[in-house]
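Residue numbers (this note's numbering): 276 to 454.
And the structure:
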């Protein structure tokens with residue numbers, strides 16, 4: 276496979292770059308095939324865009340029959356479709372990287388959801404918020420740790436005594452604690 280750039284792919288790999296026919300520029304511009312004994316060149320194109328040339332060389336000086344020529348042209352079209360799909364995939368991956376960068380740069384919690392309400396993407400702030408909400412729900416759902424434990428009853432005794440010496444107040448407190 277040869278493209279308009281200096282890039283070419285050869286199989287087996289040790290093969291050298293194929294010599295293109297003298298009118299290769301016309302073949303590329305017009306999307307025309309070139310057939311000669313021992314050689315075939317087919318355009319690799321789709322949607323009217325020529326992406327390169329598929330060059331096949333073989334040792335015998337035989338010419339390709341018409342059916343084999345049609346198959347070669349179909350293979351060239353399939354290669355063009357495959358390259359177009361790879362370009363589309365590459366473009367989608369770049370757009371996804373851009374979207375992730377934008378999403379990641381937003382400080383507020385942000386979710387991207389599809390039409391059914393399923394989360395497609397969440398930024399770090401949204402993931403942190405979801406984690407803290409999950410912790411709170413877990414705490415709410417947990418059994419109370421002190422179920423069945425009775426708290427001691429409290430009894431309040433108040434005495435107002437005027438002009439009582441400190442030693443007597445201390446003795447009253449010690450007596451009350453010992454009860």
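Just so it is clear, CB atoms sit at the ideal spot from N, CA and C, and this is done for glycine as well.
If you draw a straight line from the alpha carbon of residue i to that of residue j, how long is it in whole angstroms?
i	j	result
residue 362	residue 412	46 Å
residue 392	residue 384	16 Å
residue 346	residue 291	25 Å
residue 442	residue 425	36 Å
residue 378	residue 398	6 Å
residue 236	residue 446	Examination of residue 236 is not possible in this model, given that the chain is present from 276 through 454 alone.
residue 405	residue 388	15 Å
residue 288	residue 295	18 Å
residue 366	residue 394	23 Å
residue 449	residue 414	42 Å
residue 299	residue 368	34 Å
residue 453	residue 437	24 Å
residue 304	residue 396	44 Å
residue 456	residue 416	What the structure shows of the chain is the stretch from 276 to 454, and residue 456 is not part of that stretch, so it cannot be assessed.
residue 359	residue 407	45 Å
residue 285	residue 351	15 Å
By alpha-carbon positions, which one of the options ends up nearest to residue i?
i	options	result
residue 329	335, 345, 308, 342	308
residue 319	377, 349, 393	349
residue 334	315, 299, 448	315
residue 293	323, 331, 305	331
residue 306	312, 313, 323	323
residue 336	438, 351, 313	313
Take residue i and list the residues in its own chain whose beta-carbon comes closer than 6 Å to its own, dropping the five residues that flank it on each side.
i	result
residue 302	309
residue 355	319, 320, 321, 326
residue 317	308, 329, 347, 348, 351
For a cutoff of 9 Å on Cβ pairs, would you count residue i as touching chain D?
i	result
residue 322	In the displayed structure, chain D is absent; only one protein chain is listed.
Report all residues from its chain with a CB closer than 8 Å to the CB of residue i; omit the five preceding and five following residues, and keep chain order.
i	result
residue 401	384, 385, 386
Looking only at its own chain, which residues have a Cβ that is under 7 Å from the Cβ of residue i, when we skip the five neighbours before and after it?
i	result
residue 382	400
residue 390	none
Exercise. Given 8 Å as the limit, is there contact between the stretch 362 to 381 and the stretch 329 to 341, that is, 3 or more CB pairs closer than that?
Worked result: As far as the Cβ criterion goes, the stretch 362 to 381 does not touch the stretch 329 to 341, which means the pair count is below three.
Exercise. At what residue ranges does the stretch 333 to 417 contain a whole run of the beta strand (DSSP E), taking only runs of 3 or more?
Worked result: Whole beta strand (DSSP E) segments, 3+ residues: 386 to 388, 394 to 397.
Problem set entry | Segments assigned beta strand (DSSP E), at least 3 residues, entirely inside the stretch 292 to 328 | Along the length of the stretch 292 to 328, whole beta strand (DSSP E) runs at least 3 residues long occupy 309 to 311, 314 to 321, reported in chain order.
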